[in-house]
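Which chain is which? The protein sequence lines are U and G, in order. If you count the first sequence from 1, you need to add 101 to reach the numbering used here. If you count the second sequence from 1, you need to add 64 to reach the numbering used here.
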Amino acid sequence: MLALSRKKDESIIINDDIEITIIEVKGDQVKLGITAPKSIPIYRKEVYIQIQEANKEAAKSIDVKGLDNLFK
Amino acid sequence: MQVKTKWFGTLEIGEDKIITFEKGLIGLGEFKKYTIVFNTEKSDTETIMWLQSLEDENIAIPVINPDIFLTGYDPIVEDELLESVGNVKTAELLVLVTLTVPSDITKMTSNLKAPIIINTDNLKACQVIANNQEYIVKYPIYDIIKQNSKKGGE
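Right, here's the structure in full:
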């Protein structure tokens, strides 16, 4: 992993069109500003992992008959 | 083409029934081709359907039209995130949500946070994460569906 040190109001640029700026540093919390094309999905990692897990769990779903009865 | 399914044996699927997820589903990016298999014999979109992978028969995800259990489901996503399915302003879009059905069916949940969007004109699809804070990944739906089907039966 590349590690760069930045101060408040400093930025990094990724791939010409993504800019990440340090907006605020308060204790152990850092506020980031992200400028990127709208076609680039940006998610908090926890949310992304939750969805990954949910999809994998959904793929393990069972009980086809039970599902059928549910709608009868 | 012949498709091996997880729950319904081998089925004959027309080429016009193949749904392409250019980026796959989140966490299952390697699988791009799916088809929809109905849980009941009468191709009923009012119940649960299965998103069946054509590349791995063991990947089958139950999906449902959210309107069945929730009025006014309206996920907010940037149009640009839907570019891979075509022009969303003119296309006919089908929105489905995935279900997780554990062995105790009463604990079944629906993922409102990450709907599946299918362009029914070209059968390109994607899964997106909605900006809506109120939509959760594990929304319990057993009781809602149970109640609704009771009402329908009366």
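For each residue, glycine too, the CB sits at the ideal point set by N, CA and C. Computed from a predicted structure; not experimentally measured.
- A straight-line Cα-Cα distance of about 12 Å links P204(G) and P166(G).
- When E111(U), N116(U), L168(U) and S162(U) are compared, the shortest CA-CA separation from V131(U) is found for E111(U).
- Scanning chain U for C-beta atoms nearer than 7 Å to the C-beta of T164(G) yields A155, E158, A159 and S162, reported in chain order.
- Chain U has no Cβ within less than 8 Å of the Cβ of I100(G).
- Of L145(G), I112(G) and I125(G), the smallest CA-CA separation from L168(U) is found for I112(G).
- Around the beta carbon of K177(G), 16 or more other beta carbons lie within 10 angstroms, which makes this residue buried.
- Taking 8 Å as the cut-off, the beta carbon of V126(U) is found closer than this to the beta carbon of K109(U).
- By the rule that beta-carbons nearer than 8 Å mark a contact, I152(U) touches chain G.
- Taking a Cβ-Cβ threshold of 8 Å, none of the residues of chain U is close to L134(G); the smallest such distance is about 16 Å.
- When DSSP states are grouped into helix, strand and coil, G134(U) belongs to the strand group.
- For the segment 120-148 of chain U, the residues whose beta carbon sits under 9 Å from a beta carbon of chain G are, in order, P138, K139, S140, I141, P142, Y144 and V148.
- Within chain U, Q151, I152 and A155 have C-beta atoms less than 7 Å from the C-beta of V201(G), given in sequence order.
- Closest in C-alpha terms to F172(U), from the list L158(G), I132(G) and Y137(G), comes I132(G).
- DSSP places I124(U) in the uninterrupted beta strand (DSSP E) bounded by I119 to K127.
- With distances taken between CA atoms, N116(U) lies nearest to A137(U) out of I163(U), N156(U), A137(U) and I123(U).
- Sixteen is the threshold: when 16 or more other Cβ atoms of the shown chains lie within 10 Å of the Cβ of M172(G), as they do, the residue is buried.
- Neighbourhood of K177(G) in chain U, by CB distance below 9 Å: V148, Q151, I152 and A155, in chain order.
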